[in-house]
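The listed protein sequences derive, respectively, from chains A and B.
Taken in order, the first sequence gives residues 1 to 337; the numbers are from my numbering.
Taken in order, the second sequence gives residues 338 to 674; the numbers are from my numbering.
Glycine included, every Cβ here is placed at the ideal spot set by N, Cα and C.
Number of protein chains: 2
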Amino acid sequence: MAHGSGSGVSLSDVAKLAGVSAQTVSRVANCSDAVRPETRKRVLAAMDELGYRPSFAARSLRAGCYYSVGLAMSGDIAATGRRLQREGVAVAAAKRRYAMTLILLEDEEATLEEASSRMSCLPVDGQILYLGSSTEDFATFEPPSTLPTVIISTRHHPRCATVSNDQMGCSVSIVDYFIKKGHREIRFVGGRRDSYSNISRQKGWEQALRTRGLRVVEPMHGDWTADSGYELGMRLVQDRACTAVYASNDAIAVGVIYALRDAGLRVPEDVSVIGADDSLEGVIPHLDLTSYRFNDRQVGSIAFDLATNPPEGKEPPHILVPGMIVERKTVAQAPQR
Amino acid sequence: MAHGSGSGVSLSDVAKLAGVSAQTVSRVANCSDAVRPETRKRVLAAMDELGYRPSFAARSLRAGCYYSVGLAMSGDIAATGRRLQREGVAVAAAKRRYAMTLILLEDEEATLEEASSRMSCLPVDGQILYLGSSTEDFATFEPPSTLPTVIISTRHHPRCATVSNDQMGCSVSIVDYFIKKGHREIRFVGGRRDSYSNISRQKGWEQALRTRGLRVVEPMHGDWTADSGYELGMRLVQDRACTAVYASNDAIAVGVIYALRDAGLRVPEDVSVIGADDSLEGVIPHLDLTSYRFNDRQVGSIAFDLATNPPEGKEPPHILVPGMIVERKTVAQAPQR
DNA sequence: CTGAGGAATGTTTACGTTAACATTCCGTTG
DNA sequence: CAACGGAATGTTAACGTAAACATTCCTCAG
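Structure, rendered in structure tokens:
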């Protein structure tokens, strides 16, 4: 059997048992005070006996809203950023006593249209779409006119609100931070070459260097692990000019640092290193890695706000949430040469 | 305005515009084939023009189920285990094309009763309750007779299905693994003394040692960080008999290993170390930490199954999901003394 | 040409709830 | 004691959908 929506026990069932009208039961269920204590007690007893639960379906059919926000995701749900943003949505929802309705699309390549059309049939007052970064129909997607829609994406959309963390800003901040410390030879050590966040971090780094008139040395790539970072770090040792390394994530940064140190270089005295994501959280003893911390929770929170309380204006907002550099101990003034 | 459930546009609005009956529109919406192509086309056009979306509320009011599973959590939602289990629920749900409805209870001390009563009013066909480990009303809680209920908890419940990962089993496996490798002096290095998982891991370790007739040396405690592990590791160096360390999580294990090595001991030749959670994932170069991996995703998946497809029997099931030791390079045969 | 039969479409009804309005039953007041 | 008024409770209707049944229309066999 399909479990009844609600419990299969209705107001009128309770009413019959308690010897009152359905409306009175409804009043009790909704804590109206226009019920005699004695009646209320009888009704409550009847509810209890029958296992009455109000029907969400019937209630929202009348009320016209659901107090829930929808989140549709495809692809890797475990990646740190996506996870934190999801948690941000959930927490923001909880603060307003909303539920979060999550659907995961099995198809990695799912389109916005597919996601939206599945979500349209669910009990949500607004939807947040968080798919892979290269959705096919991004440009052409037309959001339902009747369901406030937010896309989590760094790209702007002509008809939907978008929000994301500022990947470019991360690179710019890091480059400028190094420059402020006197560095001019700033290298990039990447993760997987084809990954979206790697591409955008590298692009930001490159642009920042160019606009500031600094030399761009061909970046290196590996996977996202510390072992890979170590290997790349060993190659980096040859690069005598380099005094600053921007690693595409923290594990790589760790690998690079270990390699540099094994090669006899001091960090940060000889070479400064910054990671990205600020994901280590006390996992390595005595390593105080300077890193860039994104504000993922806030991205989720903003997405929730936009989805449940869409702004009136004509132009949909496009929001980039900045993060910040968490200063620790792997960056120093550039050494005099 | 509260956004309409559905779109505020109903079947009959579409019907009027398309010049057909509401039922015909319904048929189109549900992909029935009993509609002439020409009619279907007209209806689809009308739907599009009006921005029609089916009303979830009305549909489920008729259908009697929601195709969604509820998950209520309180406390720390970011902790690794809880996060993975949550993801397990979501993934299992996705496989069956269910949604997951998540509510976070702001109150850390929320009771099962509170969680359940909030969930009872939501569009879910079953509920999973995952609160703090020491809910006040655990023993007395009476699940709604009409909503299949699963509690994620290591404790057994007389009236609810429960599932969790096997914290005790973790300790037992680790102790036995050490014993198999010839170790007899097995120490425990804990995290926060009052934390639930620390307590149960320590208890398991102690019991296992006792039943196997091995010496129990008073365990140490810190917080959960590598720095804390390092400090405790330094103290451990005094303990000349010790050949095996069970660290309450991986960060602590890392700290211990660094300390031992800094003190001139070799890992694993002199001392073997095992962590728990298997959480490092390539974050530290050349450290192949043997660790115990819980099967959290599966816990979530089982919870989903129990909640949406409750077993018939009288006695509610109590399931402990075993994990496994992931053998890497920090454990060796006990040294000859 | 007639009627059977099937395809397409329409009509009715019920799902459970609650707002709005209607009724009943008091005690109180003039 | 009658009339008023407010508290408690009951009745009706509507929310949007889809199953069940009813009707219409067309085709095709006889």
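Exercise. For the putative contact between ALA253/A and LEU289/A, defined by C-beta atoms under 8 Å, what is the C-beta separation to the nearest angstrom?
Worked result: Indeed they touch by this definition, with Cβ atoms about 6 Å apart.
Problem set entry | Inter-residue spacing [alpha-carbon to alpha-carbon] between LEU232/A and ARG184/A | Looking at the two C-alpha atoms, the distance is approximately 20 Å.
Exercise. With 16 other CB atoms within 10 Å as the buried threshold, where does THR548/B fall?
Worked result: Counting the other Cβ atoms within 10 Å of the Cβ of THR548/B gives fewer than 16, which makes it exposed.
Exercise. Can the beta-carbon of MET168/A be found closer than 8 Å to that of GLY190/A?
Worked result: In this structure, GLY190/A does not lie closer than 8 Å to MET168/A by Cβ.
For this session: Compile a chain-ordered list of the residues in the stretch 638-663 of chain B whose CB is closer than 7 Å to at least one CB of chain A.
Result: none
For this session: Could you tell me how far apart the beta carbons of VAL509/B and ILE523/B are, in whole angstroms, since I believe they sit closer than 8 Å?
Result: About 12 Å separates the two Cβ atoms, so there is no contact after all.
For this session: Flag this pair as touching only if the stretch 634-642 of chain B and the stretch 492-502 of chain B have three or more C-beta atom pairs under 8 Å; answer yes or no.
Result: With a cut-off of 8 Å, the stretch 492-502 of chain B and the stretch 634-642 of chain B count as touching, because enough Cβ pairs lie within range.
Problem set entry | is_contact[GLY341/B, chain A] using C-beta, thresh 8 Å | Note that GLY341/B has pLDDT 47, beneath the 50 cutoff, so the model's placement of it is unreliable and the number below is only indicative. Yes, its Cβ sits closer than 8 Å to a Cβ of chain A.
Exercise. Buried or exposed: where does MET324/A fall if 16 or more other Cβ atoms within 10 Å of its Cβ makes it buried?
Worked result: exposed
Problem set entry | C-beta neighbour in chain B for TYR230/A, strict 8 Å | yes
Exercise. Does any residue of chain B bring its CB to less than 8 Å from the CB of ALA18/A?
Worked result: no
Exercise. What residue from ARG390/B, PRO374/B, VAL426/B has the CA that sits closest to VAL636/B's CA?
Worked result: Nearest of ARG390/B, PRO374/B, VAL426/B to VAL636/B, Cα basis: VAL426/B.
For this session: Could you tell me whether the Cβ of MET557/B comes closer than 8 Å to any Cβ of chain A?
Result: no
For this session: Rounded to whole angstroms, what's the CA-CA distance from GLU538/B to SER490/B? Just pull it up for me.
Result: Here the sequence assigns Arg to residue 538/B, which means Glu is not the residue at that position. Answer to the nearest angstrom: the Cα atoms are 15 Å apart.
Exercise. In chain order, which beta strand (DSSP E) runs of at least 3 residues are fully inside the stretch 126-206 of chain A?
Worked result: 126-130, 149-152, 161-165, 186-190
For this session: Whole angstroms is fine: what's the gap from LEU147/A's alpha carbon to ASP560/B's?
Result: 46 Å
Exercise. Between the stretch 88-100 of chain A and chain B, which residues of the former have a C-beta closer than 8 Å to a C-beta of the latter?
Worked result: ALA90, VAL91, ALA93, ALA94, LYS95, ALA99, MET100
For this session: Please report the residue range of the alpha helix (DSSP H) in which VAL326/A lies.
Result: Per DSSP, VAL326/A belongs to no alpha helix (DSSP H); it is in the beta strand (DSSP E), 324-326.
Exercise. Within 8 Å (strictly less), CB to CB, does ASP291/A reach chain B?
Worked result: First, the amino acid is wrong: residue 291/A is Ser here, not Asp. So no, SER291/A is outside the interface.
For this session: Could you tell me which chain A residues have their CB closer than 8 Å to the CB of ARG390/B, listed as they occur along the chain?
Result: What ARG390/B touches in chain A: SER120, CYS121, PRO144, THR146, LEU147.
Exercise. Thinking just about the alpha-carbon of each residue, which of GLU618/B, ALA584/B, TYR595/B, ALA409/B is nearest to the one in THR80/A?
Worked result: GLU618/B
Exercise. What does a CB cutoff of less than 8 Å around ASN249/A pick up in its chain, not counting 5 residues either side in sequence?
Worked result: GLY191, TRP224, GLY275, ALA276, ASP277, SER279
Exercise. Could you give the distance in angstroms between the alpha-carbon of GLU142/A and the alpha-carbon of PRO310/A?
Worked result: 16 Å
Exercise. Any idea what DSSP makes of GLY407/B, helix, strand or coil?
Worked result: strand
For this session: Note down the Cα distance separating LYS95/A from VAL346/B, rounded to an integer number of angstroms.
Result: 30 Å
Exercise. Whose CA, out of VAL593/B, ASP531/B, GLY401/B, lies closest to the CA of SER565/B?
Worked result: Among VAL593/B, ASP531/B, GLY401/B, the Cα nearest to that of SER565/B belongs to VAL593/B.
For this session: Using a Cβ cut-off of 9 Å, pull out every chain A residue sitting near TYR595/B, in sequence order please.
Result: ILE284, PRO285, HIS286
For this session: Anything in the stretch 533-564 of chain B with a Cβ closer than 9 Å to a Cβ of chain A? List those residues in chain order, please.
Result: ASP560, TRP561, THR562, ALA563, ASP564
For this session: Decide if the stretch 466-473 of chain B is in contact with the stretch 436-455 of chain B; the criterion is three or more beta carbon pairs, one per stretch, under 8 Å apart.
Result: yes
Exercise. Does DSSP put ARG97/A in a helix, a strand or coil?
Worked result: coil
Exercise. Who does VAL610/B pair with in a DSSP beta bridge?
Worked result: VAL582/B
Problem set entry | SER609/B at chain A interface by Cβ criterion, 8 Å | no
Exercise. If you draw a straight line from the C-alpha of ALA588/B to the C-alpha of GLU386/B, how long is it?
Worked result: 58 Å
Exercise. Regarding CYS579/B and the ligand GTP, is the C-beta to nearest heavy atom distance less than 7 Å?
Worked result: Questions concerning the ligand GTP fall outside what the structure shown contains, since it holds no ligand whatsoever.
Problem set entry | Sheet register partners of VAL321/A (DSSP bridge) | ASN165/A
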